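**Q** One structure, pasted below without further comment.
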C-alpha cells in the first residue's frame, strides 16, 4: 500500500524560483490538504480540496497555488519562493471531507524545503 | 476560531511508567479528534480517532478520551517503552469548517 506519496523529499531553492511539490494518494480519497510545519508553530493548513476540481484556502495560503484535476493528485505550487517559505510540507488525505462527518487523516512523509 | 493546546510541551519518563498527554480545544463543535505520532524527520502516523459521539477509543496500550463539554482530550499510554519516544500531536476537526486544526505537540522521551 503506497498511501500518500510526496516528492521530492528534500529541495533547495533560490529566492524567486518556482517549483511544484507533488502529492499523490492511491486510496480513492475525496479530501486532500497541504500543511506546513514550522518549529513552535505546529502544522498550519495551506490549501485543501474536497474533490476533483474544488479547492479552497486554509490558514496560510499566500504564495502558494493548488489545483485538483484528478482524485489522486494534489500538487502545491510555490509561485516565487521566499526564505519565509522554508519549512517542512505535508500532504494529507481522508476518505471524506473533514467537515462532512470526519474520517481518519493519512499523511505523507513530508518535503523539507529550504529557500536561500 | 478553534485553538488547540497541548500540555506539557515536553515530557520525560522512565520506562514502564504510565503517562497521560493532554489536549485542549476552545470550540467544542467538533466532528472528531485525532491523535498522531511523529518520529523525527518523518510524517505523521494516525494513532486514534475519536468521533464526537464517542467518549474513548483504545488501541493496544493506548487509550484516548474525549470530553467535548470541557474541551479536553487525553491520550493515556500504559507501560511506556523507549520505542514510544516521539512527538504526539492532537488535531480537532471543526464542524463549521473542512479543516483539521493541530496542537503544537508533546515531545515524549521514555528513558530505558
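Protein chains in written order, with the working numbering: chain A, 4 to 119; chain B, 2 to 113. Virtual Cβ for every residue (Gly too), placed ideally from N, Cα, C. Quantities reported herein were computed from a predicted structural model and do not represent experimental measurements.
Can you give me the start and stop residues for the beta strand (DSSP E) that residue 77(A) sits inside?
**A** That residue, residue 77(A), is in no beta strand (DSSP E); it is neither H nor E in DSSP.
**Q** Do the segment 80 to 97 of chain A and the segment 8 to 23 of chain A make contact, defined as three or more Cβ pairs closer than 8 Å?
**A** Yes: the two stretches touch, three or more of their Cβ pairs being nearer than 8 Å.
**Q** Ends of the beta strand (DSSP E) at residue 107(A)?
**A** From DSSP, residue 107(A) is part of no beta strand (DSSP E); its letter is neither H nor E.
**Q** Residue 33(A): which of 13(A), 65(A), 54(A) and 119(A) sits nearest, CA to CA?
**A** For residue 33(A), the nearest C-alpha among the options comes from 54(A).
**Q** Which whole-angstrom value is the C-beta distance of residue 14(A) and residue 114(A), which I expect to be below 8 Å?
**A** Yes, they are in contact, since the Cβ atoms of residue 14(A) and residue 114(A) sit about 6 Å apart, within 8 Å.
**Q** Measuring CA to CA, which of 17(A), 99(A), 12(A) and 119(A) is closest to residue 35(A)?
**A** For the residues 17(A), 99(A), 12(A) and 119(A), the minimum Cα distance to residue 35(A) belongs to 99(A).
**Q** Just to confirm my understanding: we take residue 60(A), look at its own chain, exclude 5 residues before and 5 after, and list those with CB closer than 7 Å. What are they?
**A** Within the same chain, residue 60(A) has close Cβ partners 50.
**Q** Taking residue 46(A) as the query, report the chain B residues whose CB atoms sit under 7 Å from its CB, ordered along the chain.
**A** Per Cβ cutoff of 7 Å: 103.
**Q** Below 7 Å between beta carbons: does that hold for residue 104(B) and residue 6(B)?
**A** Against a cut-off of 7 Å, the Cβ pair of residue 6(B) and residue 104(B) comes out as a contact.
**Q** Taking its Cβ as the centre, do 16 or more other Cβ atoms sit within 10 Å of residue 159(A), making it buried, or is it exposed?
**A** In the structure as shown, chain A begins at 4 and stops at 119. Residue 159(A) is therefore absent and cannot be evaluated.
**Q** Just checking my contact of residue 27(B) with residue 3(B) at CB under 8 Å: how many whole Å lie between their CB atoms?
**A** With a Cβ gap of about 6 Å, residue 27(B) and residue 3(B) count as contacting.
**Q** For residue 54(B) and residue 19(B), I'd like the C-alpha separation in whole angstroms.
**A** Roughly 26 Å between the two C-alpha positions.
**Q** CB residue 44(B) to CB residue 111(A), shorter than 7 Å?
**A** Result yes, Cβ atoms of residue 44(B) and residue 111(A) sit closer than 7 Å.
**Q** Could you tell me the distance, in whole angstroms, from the CA atom of residue 70(A) to the CA atom of residue 80(A)?
**A** The alpha-carbon atoms of residue 70(A) and residue 80(A) are separated by roughly 9 Å.
**Q** Can a CB atom of chain A be found closer than 7 Å to the CB of residue 54(B)?
**A** No, its Cβ sits nowhere closer than 7 Å to a Cβ of chain A.
**Q** Is the separation between the beta-carbon of residue 73(B) and that of residue 25(B) shorter than 7 Å?
**A** Result yes, Cβ atoms of residue 73(B) and residue 25(B) sit closer than 7 Å.
**Q** Starting from residue 42(A), trace the beta strand (DSSP E) both ways and give me its first and last residue.
**A** Here residue 42(A) belongs to no beta strand (DSSP E), and DSSP marks it neither H nor E.
**Q** Apart from the five residues just before and just after residue 17(A), which ones in its own chain have a Cβ nearer than 8 Å to its Cβ?
**A** Here the set comprises 84, 118 and 119.
**Q** Out of curiosity, what's the CA-to-CA distance linking residue 116(B) and residue 108(A)?
**A** Beyond the ends of chain B as shown, which are 2 and 113, falls residue 116(B); an answer cannot be given.
**Q** Please list the partners that residue 43(B) has in chain A, where partner means a Cβ-to-Cβ separation under 7 Å.
**A** Neighbours of residue 43(B) on chain A, chain order: 112.
**Q** Between 8(B), 21(B), 17(B) and 12(B), which lies nearest to residue 81(B) when the distance is taken from Cα to Cα?
**A** Minimum Cα distance to residue 81(B) is reached at 17(B).
**Q** Does the beta carbon of residue 33(A) sit closer than 7 Å to a beta carbon anywhere in chain B?
**A** No, residue 33(A) does not count as interfacial toward chain B.
**Q** Taking a cut of 7 Å between CB atoms, which residues from the segment 46 to 79 of chain B lie near chain A?
**A** Correct list: 47, 50 and 52.
**Q** Quick one: grab the DSSP three-state call for residue 40(B).
**A** Three-state result, residue 40(B): coil.
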